[in-house]
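The structure appears below as C-alpha coordinates.
Residue numbers (this note's numbering): 17 to 173.
See below:
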(Lines of atoms letter the chains of each structure in order from A and count residues from 1; the text may use other names and numbers.)
(Lines give C-alpha, C1' and ligand atoms only; values in the text may rest on other atoms or scores of the structure.)
Protein backbone atom coordinates (compact mmCIF):
# COMPACT_ATOMS: atom_id res chain seq x y z
CA UNK A 1 0.00 0.00 0.00
CA UNK A 2 1.48 3.37 -1.05
CA UNK A 3 0.06 6.80 -0.51
CA UNK A 4 1.28 10.22 -1.67
CA UNK A 5 0.58 12.16 1.54
CA UNK A 6 1.94 15.50 0.29
CA UNK A 7 4.13 16.86 -2.48
CA UNK A 8 7.42 14.96 -2.31
CA UNK A 9 6.21 12.64 0.48
CA UNK A 10 5.29 8.98 0.01
CA UNK A 11 4.12 6.77 2.86
CA UNK A 12 3.43 3.08 2.78
CA UNK A 13 2.79 -0.08 4.73
CA UNK A 14 3.22 -3.78 4.06
CA UNK A 15 2.76 -7.11 5.81
CA UNK A 16 5.26 -9.90 5.23
CA UNK A 17 3.87 -13.31 4.32
CA UNK A 18 6.21 -16.31 4.59
CA UNK A 19 5.13 -19.69 3.25
CA UNK A 20 7.41 -21.71 5.58
CA UNK A 21 7.37 -19.88 8.92
CA UNK A 22 9.02 -22.72 10.86
CA UNK A 23 12.04 -22.76 8.56
CA UNK A 24 12.53 -18.98 8.56
CA UNK A 25 11.74 -18.19 12.23
CA UNK A 26 15.30 -19.05 13.30
CA UNK A 27 16.61 -16.38 10.91
CA UNK A 28 14.22 -13.73 12.28
CA UNK A 29 11.97 -13.84 9.22
CA UNK A 30 8.34 -14.22 10.14
CA UNK A 31 4.88 -13.91 8.63
CA UNK A 32 2.87 -11.01 9.89
CA UNK A 33 5.63 -8.45 10.52
CA UNK A 34 4.34 -4.95 9.80
CA UNK A 35 6.53 -2.57 7.78
CA UNK A 36 5.80 1.13 7.47
CA UNK A 37 7.87 3.68 5.58
CA UNK A 38 8.07 7.31 4.60
CA UNK A 39 10.07 8.58 1.61
CA UNK A 40 10.68 12.29 1.25
CA UNK A 41 12.22 14.05 -1.76
CA UNK A 42 14.49 16.76 -0.36
CA UNK A 43 15.35 18.32 -3.70
CA UNK A 44 14.66 17.42 -7.33
CA UNK A 45 17.44 16.77 -9.79
CA UNK A 46 18.79 19.89 -11.48
CA UNK A 47 21.69 20.77 -13.77
CA UNK A 48 23.98 21.18 -10.76
CA UNK A 49 22.53 18.79 -8.14
CA UNK A 50 21.42 15.15 -8.05
CA UNK A 51 17.97 14.24 -6.75
CA UNK A 52 18.24 13.82 -2.97
CA UNK A 53 15.77 11.87 -0.83
CA UNK A 54 15.55 10.31 2.61
CA UNK A 55 13.60 7.25 3.67
CA UNK A 56 12.68 5.92 7.10
CA UNK A 57 11.41 2.37 7.58
CA UNK A 58 10.15 0.75 10.78
CA UNK A 59 9.60 -2.99 11.08
CA UNK A 60 7.29 -3.96 13.92
CA UNK A 61 7.57 -7.51 15.31
CA UNK A 62 3.91 -8.37 14.90
CA UNK A 63 4.57 -11.75 13.30
CA UNK A 64 5.06 -15.26 14.60
CA UNK A 65 8.33 -15.58 16.61
CA UNK A 66 9.36 -11.99 15.81
CA UNK A 67 11.40 -9.97 18.27
CA UNK A 68 12.44 -6.31 18.45
CA UNK A 69 11.43 -3.27 16.42
CA UNK A 70 13.90 -2.47 13.65
CA UNK A 71 14.64 1.01 12.28
CA UNK A 72 16.19 1.78 8.87
CA UNK A 73 17.24 5.30 7.82
CA UNK A 74 18.40 5.77 4.22
CA UNK A 75 19.81 8.70 2.24
CA UNK A 76 19.42 8.38 -1.55
CA UNK A 77 20.95 10.32 -4.45
CA UNK A 78 20.38 9.92 -8.20
CA UNK A 79 21.98 11.80 -11.09
CA UNK A 80 20.72 11.31 -14.66
CA UNK A 81 22.72 11.71 -17.84
CA UNK A 82 21.66 11.17 -21.45
CA UNK A 83 22.21 7.43 -21.60
CA UNK A 84 22.52 6.36 -17.95
CA UNK A 85 21.95 7.23 -14.29
CA UNK A 86 24.29 7.11 -11.31
CA UNK A 87 22.86 6.34 -7.89
CA UNK A 88 24.15 6.13 -4.32
CA UNK A 89 22.42 5.04 -1.12
CA UNK A 90 23.62 5.05 2.47
CA UNK A 91 21.63 3.13 5.09
CA UNK A 92 21.81 2.98 8.87
CA UNK A 93 19.96 0.13 10.58
CA UNK A 94 19.24 -0.38 14.26
CA UNK A 95 17.97 -3.86 15.11
CA UNK A 96 15.73 -4.08 18.16
CA UNK A 97 16.66 -7.66 19.08
CA UNK A 98 20.04 -9.26 18.44
CA UNK A 99 21.97 -12.20 19.78
CA UNK A 100 25.09 -11.75 21.92
CA UNK A 101 27.44 -11.94 18.91
CA UNK A 102 25.29 -9.86 16.53
CA UNK A 103 25.84 -6.19 15.80
CA UNK A 104 22.70 -4.16 16.58
CA UNK A 105 23.77 -1.13 14.52
CA UNK A 106 24.69 -1.71 10.89
CA UNK A 107 25.74 0.49 7.99
CA UNK A 108 25.51 -0.09 4.26
CA UNK A 109 26.60 1.96 1.27
CA UNK A 110 25.68 1.31 -2.36
CA UNK A 111 26.94 3.04 -5.49
CA UNK A 112 25.98 2.10 -9.00
CA UNK A 113 24.90 2.76 -12.53
CA UNK A 114 21.77 1.86 -14.46
CA UNK A 115 20.73 2.35 -18.05
CA UNK A 116 17.92 1.45 -20.42
CA UNK A 117 18.55 -1.40 -22.84
CA UNK A 118 16.14 -0.31 -25.56
CA UNK A 119 17.45 1.69 -28.51
CA UNK A 120 13.89 2.64 -29.48
CA UNK A 121 13.39 4.75 -26.34
CA UNK A 122 11.29 2.16 -24.47
CA UNK A 123 11.60 2.36 -20.69
CA UNK A 124 10.55 -1.18 -19.76
CA UNK A 125 13.97 -2.85 -19.35
CA UNK A 126 16.81 -1.59 -17.19
CA UNK A 127 20.30 -2.96 -16.59
CA UNK A 128 21.89 -2.17 -13.27
CA UNK A 129 25.32 -2.71 -11.65
CA UNK A 130 26.21 -1.84 -8.05
CA UNK A 131 29.07 -1.99 -5.59
CA UNK A 132 27.95 -2.64 -2.02
CA UNK A 133 29.90 -2.14 1.22
CA UNK A 134 28.38 -3.07 4.58
CA UNK A 135 29.34 -3.75 8.15
CA UNK A 136 29.63 -7.35 9.19
CA UNK A 137 26.56 -8.52 11.14
CA UNK A 138 28.90 -10.27 13.61
CA UNK A 139 30.51 -8.14 16.33
CA UNK A 140 34.23 -7.81 15.58
CA UNK A 141 33.82 -9.17 12.05
CA UNK A 142 35.42 -7.52 9.03
CA UNK A 143 33.27 -5.39 6.73
CA UNK A 144 31.74 -6.98 3.65
CA UNK A 145 31.98 -5.78 0.06
CA UNK A 146 30.42 -7.13 -3.10
CA UNK A 147 29.05 -6.45 -6.55
CA UNK A 148 25.56 -6.86 -7.87
CA UNK A 149 24.21 -6.90 -11.39
CA UNK A 150 20.60 -7.21 -12.43
CA UNK A 151 18.18 -6.78 -15.28
CA UNK A 152 14.78 -5.36 -14.40
CA UNK A 153 11.92 -5.79 -16.85
CA UNK A 154 8.60 -4.11 -16.13
CA UNK A 155 5.43 -5.71 -17.42
CA UNK A 156 1.92 -4.39 -17.69
CA UNK A 157 -0.37 -5.65 -14.95
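Cβ atoms here follow ideal geometry from the backbone N, Cα and C, with glycine treated the same way.
Simplified DSSP assignment, three categories, for residue i
i, result
"residue 121", "strand"
"residue 136", "coil"
"residue 63", "coil"
"residue 47", "coil"
"residue 126", "strand"
"residue 114", "coil"
"residue 131", "strand"
"residue 90", "strand"
"residue 80", "coil"
Exposure of residue i, with buried meaning 16 or more beta-carbon neighbours within 10 Å
i, result
"residue 79", "buried"
"residue 25", "exposed"
"residue 140", "exposed"
"residue 75", "buried"
"residue 89", "exposed"
"residue 62", "exposed"
"residue 109", "buried"
Neighbour flag for residue i against chain B, beta carbons, 8 Å
i, result
"residue 106", "You won't find chain B in this structure, because it holds only one protein chain."
Span of the beta strand (DSSP E), counted from its first residue to its last, around residue i
i, result
"residue 142", "141-150"
"residue 26", "25-31"
"residue 74", "67-76"
"residue 161", "160-169"
"residue 109", "101-110"
Distance between residue j and residue i (C-alpha atoms, nearest Å)
i, j, result
"residue 150", "residue 160", "5 Å"
"residue 72", "residue 52", "8 Å"
"residue 21", "residue 55", "10 Å"
"residue 87", "residue 70", "13 Å"
"residue 94", "residue 57", "11 Å"
Close beta carbons around residue i, own chain, < 8 Å, minus the five adjacent residues each side
i, result
"residue 118", "111, 153, 154 and 155"
"residue 49", "31, 32, 75, 76, 77, 78, 79 and 82"
"residue 85", "74, 75, 76, 77 and 112"
Own chain residues within Cβ distance below 6 Å of residue i, not counting five before or after
i, result
"residue 130", "101, 142 and 144"
"residue 126", "105, 146 and 148"
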